[in-house]
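Position one of the sequence shown corresponds to residue 4 (my numbering), numbered consecutively onward.
We put the CB at the ideal spot given by N, CA and C, even for glycine.
Predicted model, so just to flag it, every value in this text is computed and none were measured.
Working notes, structure below.
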Amino acid sequence: MTEQDYIIVGRDVGEAKFHLVGDNILPAQDNPGGTPLDVVYMGKLIGEMSERIGEDRKASAEEIKLMRLCMRADSLPPGQFDEMTENTLIDNTEIQVIFETRTPGSCIHEDKNTRVLVVPADGTLKTGLEQLEMPVVGKPFEPPLTYPVDKNLMLSWMLDGIIEQVVNVESPEDLDNMSWHQIRKHFADEIEAQLIKEADEDKVSQIAAFHRAVGIYVTNMCR
4 MTEQDYIIVG RDVGEAKFHL VGDNILPAQD NPGGTPLDVV YMGKLIGEMS ERIGEDRKAS
64 AEEIKLMRLC MRADSLPPGQ FDEMTENTLI DNTEIQVIFE TRTPGSCIHE DKNTRVLVVP
124 ADGTLKTGLE QLEMPVVGKP FEPPLTYPVD KNLMLSWMLD GIIEQVVNVE SPEDLDNMSW
184 HQIRKHFADE IEAQLIKEAD EDKVSQIAAF HRAVGIYVTN MCR
């Protein structure tokens, strides 16, 4: 274990440090347009790579270089690194792109598949687990291994369910004498109570949720 715990992660949407404009790599802070070098670009590149066949089924040195620019070093806890430290860690990181394979047999029962399960460097998962704080009773915890963009996408996807929750809130007593602030609080309290009840019924502990997220990541990362 090093003197400071950290993980190497992809730059999320809005966190790109560089943009790819034609064949040029330009600082994101200059708003150069083009394509931000972040996890979206990395995912697109890997998607294209997965369709390669034969001798083309490999990553070029230029692609590895661009992938490196899509990454950053996160201290655990966050906010402990200056820019020089982060840049040095990324520069010293070896990036391996391993292609999974599928070799068809004479029938499907004879197919041969290779699945690559990536095990993180020492301490990265342990440190994440140690930082999890058990939530106060009755208050759901933040799902592990998620990012702000995931939250926004999920809220959009669950919009119909949220509207249904609002529509089904029972009318409060003495409605005619309530202020708009009191009415809004009534809706918020009723919906919060229902969501907490549903979360408690799932009976997934915070540690189990973390392990679930890790398991999904290593086995089903493209679904």
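- In the DSSP secondary-structure assignment, asparagine 116 is bridged to Arg105.
- Closest option to proline 80, judged by alpha-carbon separation, among Gly164, Glu6, Asn34, Phe190: Glu6.
- Within the same chain, Val172 come within 6 Å of phenylalanine 190 by CB-CB distance, once the 5 residues on both sides are set aside.
- Secondary structure remark: continuous beta strand (DSSP E) runs of at least 3 residues inside the region 26-102, in chain order: 27-30, 74-78.
- If you draw a 10 Å sphere on the C-beta of lysine 68, you find fewer than 16 other C-beta atoms in it, and that means exposed.
- Per DSSP, glycine 13 lies in no alpha helix (DSSP H) segment; the continuous beta strand (DSSP E) that holds it begins and ends at 9-13.
- Within its own chain, the residues whose Cβ lies closer than 7 Å to the Cβ of valine 119, once the five positions on either side in sequence are excluded, are Ile101, Glu103, listed in chain order.
- By the Cβ-count criterion, alanine 211 is exposed, with fewer than 16 other Cβ atoms from all chains shown falling within 10 Å of its own Cβ.
- Our two residues, glutamate 113 and proline 107, have alpha carbons roughly 7 Å apart in a direct line.
- A contact between stretches requires three or more CB pairs, one per stretch, nearer than 8 Å, and the region 87-102 fails this requirement with the region 173-188.
- Per DSSP, reduced to three states, the secondary structure at leucine 132 is helical.
- Look at valine 16 here: in three-state DSSP terms it is coil, with no helix or strand label.
- Between threonine 38 and the set Leu23, Thr130, Ala31, the nearest pair of CA atoms involves Leu23.
- Between the beta-carbon of glutamate 66 and that of leucine 48 there is about 6 Å, and that keeps the pair under the 8 Å contact cut.
- DSSP places leucine 158 in the uninterrupted alpha helix (DSSP H) bounded by 151-160.
- The beta-carbon distance between alanine 62 and methionine 52, rounded to whole angstroms, is 6 Å. This is short enough to meet the 8 Å contact definition.
- For leucine 72, the number of other beta carbons within 10 angstroms of its own is at least 16, and it is reported as buried.
- CA-to-CA, the gap between lysine 115 and glycine 50 works out to about 21 Å.
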